[in-house]
Amino acid sequence: MSARSASTPAGEGRRGGKRSGLATRPGRTRPTSGAAPRAARSFCAQGELARASTHYRGSSVTEPRSTVLSDEERKRRRGLARELVNAALAAVDPAKAVRKYLKREGDTLSVGGRSYDLRKYKRILVVGGGKASAPMAQAVEEILGDRLTAGIINVKYGYTAPTRIVEINQAGHPIPDEKGVAGAARMAELLRDTTPEDLVIALISGGGSALMVLPVPGISLNDKRRLTDAMLRSGANINEMNAVRKHLSGIKGGGLAKLAYPADLITLMLSDVIGSPLDVIASGPTVPDTSTFADAWRVLESHDLVDELPPSIAARLKAGLAGEIPDTPKPGDPVFAKACNVVISSNEIAAAATVQRARELGMNTLLLSTFVEGEAREVARVYAAIAKEIIASGNPIPRPACVVAGGETTVNVRGKGLGGRNQELALAAGVYLNGYPDAMILALGTDGSDGPTDAAGGIGDGETVLRAKQLGLDPLKYLSNNDSYHFLQQTGDLIVTGPTNTNVNDLSFILVF
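In structure tokens:
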């Protein structure tokens, strides 16, 4: 899937490793580096944007410098950025990942160091959900062919693919809908009478938490939607959201493994979470849950959401806290005895592929971290500081430089605008980089969807403020209203890929030319 910037149509600009005009600035230099120490895990600096940029004073941005880039050079740089996006997405193709890990030789199926004799199974069933699960199902059908009995998976609207046996049910994300409930209920029905002579293959990917929605009795979908929306707006991260959702679901937090038992269970996971902990990916439907009712309650308290809880959800969580209902299945529960869980692709793979492609294009590279978290505009401040340091001293790598980072930021919604965490990061980066025309920061959601928009992310660079001024736009007003989409749309800095049918969290590229 190609990526394109609204200001640079696909195909424009030169591609390849030619580096005319990208001289390294005098100063200390270091050899190309492949990866940063794992200790650099997150950026969570606090403070208002007004205190963060040397180019911002009071309530307005200082006068931007005149442009120093030619149209040709600008297009070349955007073309290079597009090359990096394409390389990252190609490396995490879900179907290729399934083919790499799920191997069949005759009647023997191998995965995760285990072998399965297909002759012992009367039925082979496929279930699951997520933004990448449709191409995963295609690959499973290719491998197992007519040995498959039936299957159903839930995917986000538009993230489908043609299949012969496995039904693709399109449903709502990030806010779950009735289609998601219906699909999850049919999964539960398909698994209702499983025996030891059945093999269940679960295909799990990012977005599965919202897509595989099966509220426990007594809780309505509308109640869950209200809670999900409140958590999204509060800035709760994916780990926090999953801790709550697991305790309100019949599938999450080991619930799917419980439904599949006593069948053999193979789960293939495409990870969209930092560090790829199995119990967090899609809320861990096939692995033991380490979170508790107490953890879920603490999350809600920390985000001041307890008073907003629908009565049905408050009652269930309080009953769990009192020990009146069982918690989710924990390590050692027999429902996991026959389960095999394998992560087949992740953010680390996409980041490494970006680094490799940047090297091929003649850039010095650094994989900073795949554990980046924090408020989007504060992370942008750190990224901009790295770009400025490269320009000033050639550290941590000399230019032309490509610093790659992965993870997932959050946005505390203060306004009523339209956008997503990657678009907000890009807009803030453009403010911080004002007057540094050789710097660019790109922020991308690998699923092709950033917030409730048709954009995957955006670009901020040293000319963002200049372009805004020429259009009569105030970037700080758009930031304060969380309206990054409409700002970047007007400046030509949106990244629009369409559905990528993959999802391994977010990537950011710090590019210095």
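My numbering puts the sequence shown at residues 39 to 551. Where a beta carbon is used, it is the ideal one built from N, C-alpha and C, also for glycine. Quick caveat, the model's predicted, so the values are computed rather than measured.
Of the residues the options, the one placed nearest residue i, counting alpha carbons only
{"i": "residue 365", "options": "433, 307, 288", "result": "288"}
{"i": "residue 254", "options": "211, 353, 443, 164", "result": "353"}
{"i": "residue 435", "options": "268, 548, 208", "result": "548"}
{"i": "residue 131", "options": "544, 550, 540", "result": "540"}
{"i": "residue 171", "options": "200, 150, 152, 149", "result": "200"}
{"i": "residue 15", "options": "520, 528, 495", "result": "Nothing can be reported for residue 15, as the shown portion of the chain is limited to 39 through 551."}
{"i": "residue 142", "options": "370, 185, 395, 168", "result": "185"}
{"i": "residue 551", "options": "524, 515, 479", "result": "479"}
{"i": "residue 220", "options": "126, 456, 191", "result": "191"}
{"i": "residue 112", "options": "360, 358, 344, 531", "result": "531"}
{"i": "residue 420", "options": "198, 318, 466, 175", "result": "466"}
{"i": "residue 407", "options": "477, 393, 296, 248", "result": "393"}
{"i": "residue 109", "options": "513, 542, 517, 475", "result": "475"}
{"i": "residue 413", "options": "315, 115, 274", "result": "274"}
{"i": "residue 552", "options": "155, 123, 451, 361", "result": "Outside the modelled stretch of the chain, which goes from 39 to 551, sits residue 552, for which no answer is possible."}
{"i": "residue 400", "options": "150, 513, 118", "result": "118"}
{"i": "residue 205", "options": "173, 295, 231", "result": "173"}
{"i": "residue 486", "options": "513, 270, 127", "result": "127"}
{"i": "residue 193", "options": "249, 517, 334", "result": "249"}
{"i": "residue 150", "options": "138, 120, 361, 395", "result": "138"}
{"i": "residue 451", "options": "272, 397, 336", "result": "272"}
Residue i vs residue j beta-carbon contact at 9 Å
{"i": "residue 526", "j": "residue 443", "result": "no"}
{"i": "residue 459", "j": "residue 499", "result": "no"}
{"i": "residue 222", "j": "residue 203", "result": "no"}
{"i": "residue 286", "j": "residue 214", "result": "no"}
{"i": "residue 520", "j": "residue 449", "result": "yes"}
{"i": "residue 246", "j": "residue 168", "result": "yes"}
{"i": "residue 305", "j": "residue 380", "result": "yes"}
{"i": "residue 293", "j": "residue 367", "result": "yes"}
{"i": "residue 439", "j": "residue 125", "result": "no"}
{"i": "residue 484", "j": "residue 538", "result": "yes"}
{"i": "residue 445", "j": "residue 544", "result": "yes"}
{"i": "residue 329", "j": "residue 284", "result": "yes"}
{"i": "residue 570", "j": "residue 308", "result": "No answer is possible for residue 570: the residues shown for the chain start at 39 and end at 551."}
{"i": "residue 242", "j": "residue 166", "result": "yes"}
{"i": "residue 506", "j": "residue 425", "result": "no"}
{"i": "residue 135", "j": "residue 319", "result": "no"}
{"i": "residue 153", "j": "residue 140", "result": "no"}
{"i": "residue 523", "j": "residue 453", "result": "no"}
{"i": "residue 491", "j": "residue 457", "result": "yes"}
{"i": "residue 629", "j": "residue 437", "result": "With the chain covering 39 to 551 only, the question about residue 629 has no answer from this structure."}
{"i": "residue 338", "j": "residue 359", "result": "no"}
Assigned exposure category for residue i - 16 Cβ within 10 Å defines buried
{"i": "residue 493", "result": "buried"}
{"i": "residue 546", "result": "buried"}
{"i": "residue 291", "result": "buried"}
{"i": "residue 415", "result": "buried"}
{"i": "residue 344", "result": "exposed"}
{"i": "residue 282", "result": "buried"}
{"i": "residue 64", "result": "Residue confidence for residue 64 is low, a pLDDT of 32 falling below 50, so the modelled location carries little weight; the figure read from the coordinates is stated next. Flag for residue 64 reads exposed."}
{"i": "residue 461", "result": "buried"}
{"i": "residue 533", "result": "buried"}
{"i": "residue 19", "result": "No answer is possible for residue 19: the residues shown for the chain start at 39 and end at 551."}
{"i": "residue 310", "result": "buried"}
{"i": "residue 509", "result": "exposed"}
{"i": "residue 195", "result": "exposed"}
{"i": "residue 83", "result": "Unreliable placement is indicated for residue 83, whose pLDDT of 29 sits below 50; no coordinate value is reported for it."}
{"i": "residue 422", "result": "buried"}
{"i": "residue 433", "result": "exposed"}
{"i": "residue 332", "result": "exposed"}
{"i": "residue 210", "result": "buried"}
{"i": "residue 296", "result": "buried"}
{"i": "residue 362", "result": "exposed"}
{"i": "residue 157", "result": "exposed"}
{"i": "residue 37", "result": "Any property of residue 37 remains undetermined from this structure, which presents the chain solely from 39 to 551."}
{"i": "residue 146", "result": "exposed"}
Within-9 Å CB hit, residue i to chain E
{"i": "residue 348", "result": "Structure shown: chain E not included; a single protein chain is present."}
Three CB pairs or more closer than 8 Å across the stretch 422–436 and the stretch 380–391:
no
When the Cβ atoms of the stretch 348–363 are set against those of the stretch 294–313, are three or more pairs found closer than 8 Å?
no
If contact is defined by three or more beta carbon pairs under 8 Å, each pair taking one atom from either stretch, is the stretch 361–380 in contact with the stretch 322–336?
yes
How do the stretch 231–251 and the stretch 160–180 stand: do at least 3 beta-carbon pairs fall below 8 Å, yes or no?
yes
Mind listing, in chain order, the continuous beta strand (DSSP E) runs of no fewer than 3 residues lying wholly within the stretch 438–490?
439–445, 477–483
Suppose only complete runs of 3+ residues qualify. What are the beta strand (DSSP E) ranges in the stretch 374–417, listed by chain order?
377–383, 402–410
Could you tell me which whole beta strand (DSSP E) segments of length 3 or greater appear in the stretch 222–253?
236–243
Report the residue ranges of all alpha helix (DSSP H) runs contained in full by the stretch 487–548; include only those spanning at least 4 residues, in chain order.
502–509, 513–518, 522–529
Whole beta strand (DSSP E) runs in the stretch 159–191 with 3 or more residues, listed along the chain?
161–167
Of all the beta strand (DSSP E) runs that stay within the bounds of the stretch 308–355, which reach a length of 3 or more residues?
none
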